[in-house]
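Reading the sequence shown from the start, the letters are residues -22 to -1, 1 to 564 in mature numbering (1 follows the signal peptide of the UniProt record, and there is no 0).
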Amino acid sequence: MSKKFITFVLVFLIFLFSLAFSQDSPKPRVAIITYIKGNVYVKKLTSELWLPAKVKMELTSGDKVWVQQNSQAILQFSDKSTLKLGSNTQLDILNLDYEKDTKKEISIFKLLIGKIWATVERLLSQGERIEIQTPTAVAGVRGTEWIQEVSEDGTTKIWTLRGIVFLTAKDKTIEVKEGFQSVVKPDEPPSEPSEIKEIERFDEEGKKEEKKEEKKETTPESEKVQRASILSNSLDYGLYKRDTLVLTKLSLTPELSFGALKLGLDLSLYTNGEDISYIQAKVKYGELNLPWLGFRYGTIDSFNLGYGLIADRYSTYEMDGIVLRLEDPKKGGVLTLFPSPFNRGENITSTYALRLFYRPLSRLEIGLNGMFDLDSDLSKRQGIVGIDAGYYFTKNLIGYLTFAQRVIHDGISLEDKRVLSENGFALGLQMSVPTLNSILYVQGLSYSDNFTPGYFDAYYERNKILGLLPTITDSIKRINGLILGFDSNILHIISLSMRYESYDYKMPNLYGNLNLSLGERLRASLSYEQDNISSPFQFINNNTIFVLNMIYPIAQNVDAILTVKRIYDSDGNPKDIYYLTTKIRL
C-alpha cells in the first residue's frame, strides 16, 4: 500500500509543480465574438453542425462563422483589432496561430460571400501576416482599415480606408492605397485602383451595442485570454460502481492547451476503503485541429464513413482509438481511424478505417472508403469498401450517393459468392433550416438482405465481444429502407436529436439525445439508443442503452456530477454503471 501511495503522490506533485512554468508558454490565439445581432451561427472544426453563436464564444483555426440576412457579428482579437461581419456573410478561419520559428502572428481567413469591415489597431512588424482570401482573389494587408466584399458570382471588391492592401488575382498583384478601391471579377486580374466615391458604413446600432458590451466587462475578455494558463486542473472525488464492485475514486484531471493542441490527462487513485486497489495514469484525450491536419486520441464516438453506409456512429467502446486527418482544403485529403497501441485488456479493438477524398469542383467531393477489423483470430476478421460522392446544391443543402461492398466476412473473402453478394447503396439529402435552428436529413437505401448498412456502428465492438454480430449467409432478396432524422437547438437551452430507421423485413431502430442547459455549470443530458423495436411501444430490449449525465453547482468552484449508464442483457435485465463525483475547479 505505501509504495502505491507514494507513487501517486509523486505524480500528483509533478503536475502541480508544472503550474509554475505554464505561464511562460505561448498562449493560444483566439477570436472572441463580442457582438451579435440577429441570426449568427458557428461551425467548429470538430463538428458537422452549425450551432448558434454566443457573445464571448472563442473561435480558432478551422472554425467557420455564418451571418444570416439582416444579421451582424463582430470578432475581436487580443490587440483590439476587429472583423465586423455584415448581413449574409460566411467567413472561414483558416489559420489563427504563430509562425513556427519566429513566433510572429499569422491570421488567414477566407471570405466566401458577404462583406466585412476590418480594423487593425497596430502596425504589423516584419514577419507578421494578415490575409483574407476570396474565391477570386487574395488580399494581403499592410493597411489598418479596409472593407472587403464578395458577391454571389464571386466578384471581389476592396475599399482601403487607411494604409495599403495588396490585392492578387491571376498572378497579378496591385497596391490599393488609402482612399482607393479595386474590383476582381471571376477569371480576371484586379482592376486598376480608382478613387472611392461612396462607402457603406457598418450599422451604427452595431457599434453602440459593441461599446455597451465592452462596458460590462471590467477586464476585457481578450486580455483574460492572453493571461490564461495553458494548464487547467480539476480535482474529482467520488464513487465508482460497476456490478458488485464499489470503489472510492480520487483523481487529478489536468487539461493542457498548446495553441491548437489540447491534452487531457487522468491521474486516478481507486480504493476500497482499506487498501489502494489500483492507480491509473493515462492520457485521457489528445486533440489537434488545423485546416490541413487534424488528430484525435481517446475514446472515439460517432465515427461515420460512407455517409453512414459503412460506419454509422461507430464507437471504440471504452477503448482508445486515433483519428487522423490530412487535408488540402481546396483539393482533398485522407482520413484514418486506428486503435491505440497503448490499449490493454482482454478485448482490444482491432478496427481500422481509411477514407481518401478529392474535390474536383468546389461543390463536389468524391471519396474512396474502407473499414476493416483485422482481428488476430482470422474467423473474426471483417472488411467493407465503398465509394461516394457529395454535391452542395447550396450552402444549406447537400445531396449524396454512396455504395458499399463487403470484401471480408468472418475471415472469408470475395471468392465466396455469399460475400460477393453483400452490398448496398444509398441516396440522401441533408438540409439546414436556419430559421428553425435545425438540420433535417433523409436517406433512402437498397441493399442485399445479407448486408448490414452501418455495420460498424455504436454496438459493433460490444456485439463482437458478446458474439452477436451477423453471420455470413446467402442473399435471397434485396431490402429497401428509409432513414429520417433531425437535430435542433431551442433558444440555446434545449438541444434535441432524433433518428428513425425503417427497413423492409426488419424491425425499426430509434435513437435520441436530449440536452438541457440552464447555465454554464447547470446541465443535464439523456441519450437513448435501441435496435430491433418489435412493437411501436417497446422501448427496451437487449440493444437498448440509456446514458444520463447531470452537473449541478454546489459551490463557486465545486460541481456535483452524476453519470448513469444502463444496458440490458438478452433476458431484458438491466445492468447499471454509475459515477457520483465532486469536481473542484483549481
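Here a beta-carbon is modelled for each residue, glycine too, at the ideal position from N, C-alpha and C.
Please read these numbers as outputs of a predicted model, since none were measured by experiment.
task: Closer than 7 Å by C-beta to Thr249: which residues in its own chain qualify, once you throw out the five before and the five after it? Chain order, please.
output: Leu225, Thr226 and Ser255
Taking only three categories from DSSP, how would you classify Tyr19?
strand
Span of the alpha helix (DSSP H) around Ile443: Tyr438 to Leu444
Is it right to say Ser354 is buried, meaning 16 or more other beta carbons lie within 10 angstroms of its own, or is it exposed? exposed
*Can you tell me which of the three DSSP states Arg303 falls into?*
strand
Buried or exposed (CB count within 10 angstroms, at least 16 for buried), Val8: buried
Requested in this report: Measure the beta-carbon distance from Val420 to Leu379 and round it to whole angstroms, keeping in mind my assumption that it falls under 8 Å.
Outcome: The Cβ separation is near 14 Å, so there is no contact.
Exercise for review: Would you list, in sequence order, the uninterrupted beta strand (DSSP E) runs of no fewer than 3 residues that lie entirely inside the stretch 290 to 369?
Suggested key: 299 to 306, 310 to 317, 329 to 339 and 342 to 351
ask   = By a C-beta neighbour count over all protein chains shown, 10 Å radius and 16 as the cutoff for buried, is Tyr530 buried or exposed?
value = exposed
### Task
Within its chain, find whatever has a CB closer than 6 Å to the CB of Lys543; leave out the 5 residues flanking it on each side and keep chain order.
Val525 and Ile555
Between the alpha carbons of Val45 and Gly406, how many angstroms are there, rounded? 27 Å
Exercise for review: For the stretch 281 to 292 and the stretch 255 to 266, state whether three or more C-beta atom pairs, one from each stretch, are separated by less than 8 Å.
Suggested key: no
- Query: Of the residues Gly251, Lys260, Asn267 and Ser246, which one's Cα is nearest the Cα of residue 635?
  - Reply: The chain is shown from -22 up to 564; residue 635 falls before or after that span and cannot be answered.
TODO: Report yes if the C-beta distance between Lys386 and Asp366 is below 9 Å; otherwise report no.
DONE: This sequence places Ile at residue 386; Lys is not what is there. Cβ distance not < 9 Å, so Ile386 and Asp366 don't count as in contact.
Q. For Asp427 versus Tyr478, is the C-beta distance shorter than 9 Å?
A. no
The beta strand (DSSP E) enclosing Leu268, as first and last residue numbers = Looking at the DSSP string, Leu268 is not in any beta strand (DSSP E), and its letter there is neither H nor E.
*Is Lys395 helix, strand or coil when you go by DSSP?*
helix
Can you say whether Thr122 is buried or exposed, counting buried as having 16 or more other CB atoms within 10 angstroms of its CB?
buried
Next item on the list: Name, in chain order, the residues that DSSP records as bridge partners for Lys240.
Entry: Ser235 and Glu265
Do the stretch 301 to 313 and the stretch 391 to 400 make contact, defined as three or more Cβ pairs closer than 8 Å? no
Q | C-beta atoms of Leu69 and Thr60 nearer than 9 Å | A | no
| task | Enumerate in chain order the residues of its own chain whose CB-to-CB distance from Asn17 is below 7 Å, with the five nearest sequence positions on each side excluded. | result | Gln46, Ser49 and Pro412
query = Among Val143, Asp244, Phe403 and Leu139, which has the Cα closest to the Cα of Gln111?
reply = Val143
For Pro552, name the three-state secondary structure that DSSP assigns. strand
*asked:* Distance check for Gly432 and Asp290, CA to CA, integer angstroms please.
replied: 5 Å
Inset, instruction - With a floor of 4 residues, list each alpha helix (DSSP H) that falls wholly inside the stretch 394 to 428, ordered by position along the chain. - result: 395 to 398
*Compare the beta carbon distance of Ile71 and Val43 with 9 Å and say whether it is the shorter of the two.*
yes
Practice item. Keeping to the same chain, check which residues put their C-beta closer than 6 Å to that of Gly272; ignore five residues upstream and five downstream. Key: Arg303
**Prompt:** Among Thr559, Asn73, Lys58 and Phe87, which residue has its Cα nearest to the Cα of Thr67?
**Reply:** Phe87
ask   = How many angstroms separate the CA atom of Glu173 from the CA atom of Gly157?
value = 6 Å
**Asked** Should Asp452 go down as buried or exposed, given a rule of 16 or more other Cβ atoms within 10 Å for buried?
**Response** exposed
Between the beta-carbon of Ile472 and the beta-carbon of Leu423, is there less than 9 Å?
-> no
| query | What residues are listed by DSSP as bridge partners for Arg384? | reply | Ile362
*Looking at Thr151 and Thr133, is the spacing between their C-beta atoms short of 9 Å?*
no
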